[in-house]
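So the sequences go chain by chain: L and G.
Sequential numbering of the first sequence, starting at 1, is according to the working numbering.
Sequential numbering of the second sequence, starting at 401, is according to the working numbering.
Working notes for the structure below.
Protein chains: 2
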Amino acid sequence: MAADTTQLQSYQSQYHSELYEHVLPFWLKHSIDPLHGGFFNNLDRDGKVYDTKKHMWLQGRQVWMMSHIHNDLHGPGGESEYLKAAKAGATFLRNHARVADNPRRVYFSLHRDGSPHFLQRKMFSECFYVMAMAEYARATGDEGAREEANELFEAVMDYAKDPSLLGRPVYPASTPTIDLAVPMILLNLVDELNGPGGSGHEDICEWCVGQIRKHVRPELKLVLECVGADGNPVDTPEGRLINPGHAIEAGWFLMNYGKRKGDASLIKMALEMIDWSFDFGWDKEHGGIYYFLDREGYSPIQLEWSMKLWWPHCEALVAFIMAYEETGDSQYLEKFRTVHDYSFEHFSDKKHGEWFGYLDRMGNVTHRFKGGPYKGCFHVPRALFLVEKTLGSILGAGKK
Amino acid sequence: MAADTTQLQSYQSQYHSELYEHVLPFWLKHSIDPLHGGFFNNLDRDGKVYDTKKHMWLQGRQVWMMSHIHNDLHGPGGESEYLKAAKAGATFLRNHARVADNPRRVYFSLHRDGSPHFLQRKMFSECFYVMAMAEYARATGDEGAREEANELFEAVMDYAKDPSLLGRPVYPASTPTIDLAVPMILLNLVDELNGPGGSGHEDICEWCVGQIRKHVRPELKLVLECVGADGNPVDTPEGRLINPGHAIEAGWFLMNYGKRKGDASLIKMALEMIDWSFDFGWDKEHGGIYYFLDREGYSPIQLEWSMKLWWPHCEALVAFIMAYEETGDSQYLEKFRTVHDYSFEHFSDKKHGEWFGYLDRMGNVTHRFKGGPYKGCFHVPRALFLVEKTLGSILGAGKK
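Right under this line is the structure:
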């Protein structure tokens, strides 16, 4: 590797301090509810709670994140402020998040005291519950948490096969379609269930890879969010939709899987997913990664399509540093630098910690809050953590 | 009235030509589906169909609009291109829009051929079905359409009383809340069922006025979208939400009702709703009416909060010209002018007709399409029609 070791070390130190001094302290300080347990996830710029509702995607993700940091710093068992936070969140989840008359479903949002507020007709609350319990079980050795992860994973697999179980009417369509979100999250969930170096559910992984492959279109050099179940593109706003951040995230999930299997063709596909999505999704005029695009150039119907959100940038940071580690190709380090410069300039809040989440197309902050119904303690710390680890691995390998 | 008659006449002529030469022709030319009937509502800037799905809110609204124009130009009976279009839409609605196994529900969207695509857990498709059938029945004398309007209105009243009938789980809350949208649309629906100069359902109107009153807060000088069922403000993002365009629209609905009842106190309340909402909702820096605001100054959680949408401006044009007619106060003509100038400069598309729907905070067009899942042949032509009529009435009164 020709890269400047000093520069990689400087990044490594920056990601370390951003994570442990500017991001995790924000959540440890402001998010824990001393009265009812669980996490406040609706936090204003300075950490003030502007809504006491608790969103289960973010409760689950924060339990995962806090457990993950604990596991990395201390290994299973032991004590830490991260594990203490994870415990507060996990206890709240286990006491309140599963639907009273159907424990195979998880609410979308609860009131502060844990009473139900809203149930989505989607399976993502369940997915993040699995993720939380799997990592929390590793941190604590709690067998009950592990069983819950397995139980809910079975439920998620049922919903993936038959979405009508979620209560959303499914009408016969002339062109049935499939979404990238499903195989992508399942591939990641298996990874979480397996844990570091583990394996299992290989049939599900192979199914996921097959489904993801239908979304990856070499003839378009694009990753499509939604395609026909037969793998053919569909000419509707849904079928033309590009979500670059999502495709880049799917890319690094797949790269991890390809590395575990030692399958060079999967790694090649993962790199293409990342390359195509970034090339198409980067705003050449104002910088930043678009939230949504239409592959034929129509205006996406989503009102927020041209905004720049924090999480696609987090995913791109992870994807490019992993791609650089994998290939040693300096173009990935260049792209990492481009996204890094944009992100630290626009998203990172030097004054109160954590990152802003939402910018307009020109890069102005549109929402001052740090946590909301879809933003919590997850994408930023996960990206900072993974980038620091990958840099460590690159630098370690360089020393050999 | 001290206003310059020449200027009012010039506006009148501008609104007339905008309606009959630039807006209605766009829909007559591009929206009618010659194969399956009904309207394409997803039309690109130049009228090209970019999605053949049909959204029932907009089918219903276009049937209403086309019938309304026919009734105005020709009175009931007779023939016109507007009535022909209304018939195409009404026939499609009656053949396909009601849910097969529950005809008290109306789908949100259908495929081009009328097969079902999506059913919302909300009552608005049903509301626009009522509106469509009531006006279409007046245009044609079709008693069956009138009966359908009455039937679905009864269903809507049931949903208003018990939203769990829509399939959305309703959880007990420590603070039950109510939304402005419900009494506001019911008040308008009664107006549509009654027709010009008619009356009826007076008990429902009184209930609506009582509910709307709970949202109108003199101590804040604001209209709140969502309040406690007891009429007290609620300190959540929903309870702090201001939707200026919605409140202004509710204002002119209420002004119409107050005028029909000859109730000066209702007219005063309506004028306050309009004044407060515009004063709070107008962007003093970049112009235009915000889509959403938080009354305490937090960032609204809606990603699109700072965008400028066409329909709040349409509602403000109607509200201010009506307020001017009602009061003769020149400040309303000034505000009308402010919104007029912004709207014709930013929304009206001189090249292809109709108006753009979506601008960023600074006023740049973000979406080039003229019709989408929530924008069709409704707000723009309704506003142009009502403003022209009101100007005619002001000028006619001036001549007396």
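Here a beta-carbon is modelled for each residue, glycine too, at the ideal position from N, C-alpha and C.
| field | Residues of its chain near L/Gly195, where Cβ-Cβ distance is below 7 Å and the 5 sequence neighbours each way are ignored | value | By one-based count along the first sequence, residue 195 of chain L stands at place 195. Here the set comprises Arg138.
| field | Beta-carbon neighbours of G/Leu703, restricted to chain L and to distances below 8 Å | value | As a first step, residue 703 of chain G is located in the second sequence; it is residue number 303 there, counting from the start. In chain order, Leu303, Glu304, Met307, Tyr358, Thr366 and His367 make up the part of chain L whose C-beta sits under 8 Å from the C-beta of G/Leu703.
| said: Please tell me whether L/Phe108 and L/Leu119 are closer than 7 Å, where the distance is taken between their beta carbons. | reply: Along the first sequence, one-based indexing puts residue 108 of chain L at 108. Along the first sequence, one-based indexing puts residue 119 of chain L at 119. Yes, the Cβ-Cβ distance between L/Phe108 and L/Leu119 is below 7 Å.
| query | At what residues does the alpha helix (DSSP H) containing G/Cys714 begin and finish? | reply | Mapped onto the second sequence, residue 714 of chain G falls at position 314. Counting along the chain, the alpha helix (DSSP H) containing G/Cys714 begins and ends at Trp710 to Thr727.
| field | Pair within 7 Å by beta-carbon distance, G/Ala419 and G/Pro712 | value | Within the second sequence, the letter at position 19 stands for residue 419 of chain G. Within the second sequence, the letter at position 312 stands for residue 712 of chain G. Here the sequence assigns Leu to residue 419 of chain G, which means Ala is not the residue at that position. No. Outside cutoff.
| task | Please compile the residues from chain L whose C-beta is within a distance smaller than 8 Å of the C-beta of G/His517. | result | Counting from 1 along the second sequence, the entry for residue 517 of chain G is found at position 117. By Cβ distance, chain L contributes Tyr171 and Ala173.
| Secondary structure of G/Ser515, DSSP reduced to three states | The count along the second sequence starts at 1 and reaches residue 515 of chain G at position 115. In this structure, G/Ser515 counts as coil in the three-state DSSP scheme.
| the region 755–769 of chain G contacting the region 725–734 of chain G, beta-carbon criterion three pairs below 8 Å | No contact exists between the region 755–769 of chain G and the region 725–734 of chain G.
| query | Which residues of chain G have a Cβ atom closer than 8 Å to the Cβ of L/Asn50, listed in chain order? | reply | Taking the first residue of the first sequence as 1, we reach residue 50 of chain L at position 50. Residue identity check: residue 50 of chain L is Tyr in the sequence provided, not Asn. Per Cβ cutoff of 8 Å: Pro637 and Tyr698.
| query | Can you tell me where the beta strand (DSSP E) with G/Arg505 in it begins and where it stops? | reply | Here residue 505 of chain G refers to the residue found at position 105 of the second sequence. Following the DSSP letters along the chain, one finds G/Arg505 inside the beta strand (DSSP E) bounded by residues Asn502 to Val506.
| Neighbour flag for L/Gly372 against chain G, beta carbons, 7 Å | Working through the first sequence from its first residue, we reach residue 372 of chain L at position 372. At least one CB atom of chain G sits nearer than 7 Å to the CB of L/Gly372.
| field | One or two residues paired with G/Leu654 in a DSSP bridge | value | Sequence index remark: in the second sequence, residue 654 of chain G carries index 254 (1-based). BP columns for G/Leu654 are empty, so no partner.
| message | Quick check on DSSP: helix, strand or coil for L/Val23? | response | Position 23 of the first sequence, counted from the start, is the residue given in the question as residue 23 of chain L. If DSSP states are grouped into helix, strand and coil, L/Val23 belongs with the helices.
| request: Might you give, ordered along the chain, the residues of its own chain that have their beta carbon closer than 6 Å to the beta carbon of L/Trp440, omitting 5 neighbours on each side? | output: No information on residue 440 of chain L is available, as it lies outside the stretch 1 to 400 that chain L covers here.
| query | What separation, rounded to the nearest whole angstrom, lies between the Cα atoms of L/Ala316 and G/Val449? | reply | Walking along the first sequence from the start, residue 316 of chain L turns up at place 316. Walking along the second sequence from the start, residue 449 of chain G turns up at place 49. Their backbone Cα atoms lie some 34 Å apart in a straight line.
| said: Applying the 10 Å Cβ sphere with the 16-neighbour rule, what's the burial state of G/Asp451? | reply: Translated into positions along the second sequence, residue 451 of chain G becomes position 51. Burial call: buried.
| task | Name, in chain order, the residues that DSSP records as bridge partners for G/Leu510. | result | On the second sequence, residue 510 of chain G is found 110 positions in, with the first residue counted as 1. G/Lys454 and G/Pro516, per the DSSP bridge assignment.
| In three-state terms, what does DSSP make of G/Tyr732? | As a first step, residue 732 of chain G must be located in the second sequence, where it is residue number 332. G/Tyr732 falls in the helix class under three-state DSSP.
| task | Assuming G/Ile642 and G/Glu625 form a contact by the criterion Cβ under 8 Å, report the distance between their Cβ atoms to the nearest whole angstrom. | result | Stepping through the second sequence from its first residue, residue 642 of chain G is reached at position 242. Stepping through the second sequence from its first residue, residue 625 of chain G is reached at position 225. Yes, they are in contact, since the Cβ atoms of G/Ile642 and G/Glu625 sit about 7 Å apart, within 8 Å.
| field | Given G/Cys605 as reference, the closest of G/Asp591, G/Pro563 and G/Ala670 once Cα atoms are compared | value | Within the second sequence, numbered from 1, the residue matching residue 605 of chain G stands at position 205. Distances from the CA of G/Cys605 to each of G/Asp591, G/Pro563 and G/Ala670 were compared; the closest alpha carbon is that of G/Asp591.
| request: Using alpha carbons as the reference points, say which of G/Leu424, G/Asp635 and G/Ala497 lies closest to G/Thr575. | output: Mapped onto the second sequence, residue 575 of chain G falls at position 175. Of the candidates G/Leu424, G/Asp635 and G/Ala497, G/Asp635 places its Cα closest to the Cα of G/Thr575.
| Residues within the region 426–451 of chain G neighbouring chain L, beta-carbon criterion of under 8 Å | Asn442, Asp444, Tyr450 and Asp451
| message | For a cutoff of 7 Å on Cβ pairs, would you count G/Val780 as touching chain L? | response | Translated into positions along the second sequence, residue 780 of chain G becomes position 380. For G/Val780, the answer is no, since every Cβ of chain L falls outside 7 Å of its Cβ.
| request: Give the secondary structure of L/Lys400 by DSSP, where H, G and I count as helix, E and B as strand, and everything else as coil. | output: Within the first sequence, numbered from 1, the residue matching residue 400 of chain L stands at position 400. Any answer about L/Lys400 is weak, because its pLDDT of 39 lies below 50 and its placement is not dependable; what the coordinates show is given next. Coil.
| query | Looking at the structure shown, is G/Leu622 part of a helix, part of a strand, or coil, going by DSSP? | reply | Position 222 of the second sequence, counted from the first residue, corresponds to residue 622 of chain G. DSSP places G/Leu622 in strand when its eight states are reduced to three.
| message | Pop quiz: L/Leu309 and L/Pro300 are said to be a contact at Cβ under 8 Å. What is the actual Cβ separation, rounded to whole angstroms? | response | Here the question's residue 309 of chain L lines up with position 309 in the first sequence. Here the question's residue 300 of chain L lines up with position 300 in the first sequence. The Cβ separation is near 14 Å, so there is no contact.
| said: Quick check: the region 429–438 of chain G against the region 484–493 of chain G, are at least 3 beta-carbon pairs closer than 8 Å? | reply: yes
| task | Determine the burial state of G/Thr405: buried for a count of at least 16 other Cβ atoms within 10 Å of its Cβ, exposed for fewer. | result | The sequence position of residue 405 of chain G within the second sequence is 5, counting from 1. Its Cβ having fewer than 16 others within 10 Å, G/Thr405 is exposed.
| Quick one: what's G/Ile689 bridged to in DSSP? | As a first step, residue 689 of chain G is located in the second sequence; it is residue number 289 there, counting from the start. Paired residues: G/Trp682.
| query | Taking three-plus beta-carbon pairs below 8 Å as touching, is the region 771–791 of chain G in contact with the region 454–473 of chain G? | reply | The region 771–791 of chain G is in contact with the region 454–473 of chain G.
| Exposure label - G/Gly489; buried when at least 16 CB within 10 Å | What you label residue 489 of chain G is simply residue 89 of the second sequence in a count that begins at 1. The residue is buried, with at least 16 neighbouring Cβ atoms inside 10 Å.
| Which stretch, first to last residue, makes up the alpha helix (DSSP H) that contains L/Thr236? | The sequence position of residue 236 of chain L within the first sequence is 236, counting from 1. Per DSSP, L/Thr236 is not a residue of any alpha helix (DSSP H), being assigned neither H nor E.
| request: From the DSSP output, read off the bridge partner residues of G/His767. | output: Stepping through the second sequence from its first residue, residue 767 of chain G is reached at position 367. In the DSSP output, where bridge partners are listed per residue, G/His767 has G/Tyr758.
| request: Specify the secondary structure class of L/Lys375 as computed by DSSP and reduced to three states. | output: In the first sequence, counting from the first residue as 1, residue 375 of chain L sits at position 375. DSSP places L/Lys375 in strand when its eight states are reduced to three.
| query | Between which two residues does the alpha helix (DSSP H) containing G/Thr491 stretch? | reply | As a first step, residue 491 of chain G must be located in the second sequence, where it is residue number 91. Looking at the DSSP string, the run of the alpha helix (DSSP H) that includes G/Thr491 is Glu481 to His496.
| message | Nearest by alpha-carbon distance to L/Asp44: which of L/Trp276, L/Leu35 and L/His367 is it? | response | The count along the first sequence starts at 1 and reaches residue 44 of chain L at position 44. Nearest Cα to L/Asp44 within the set L/Trp276, L/Leu35 and L/His367: L/His367.
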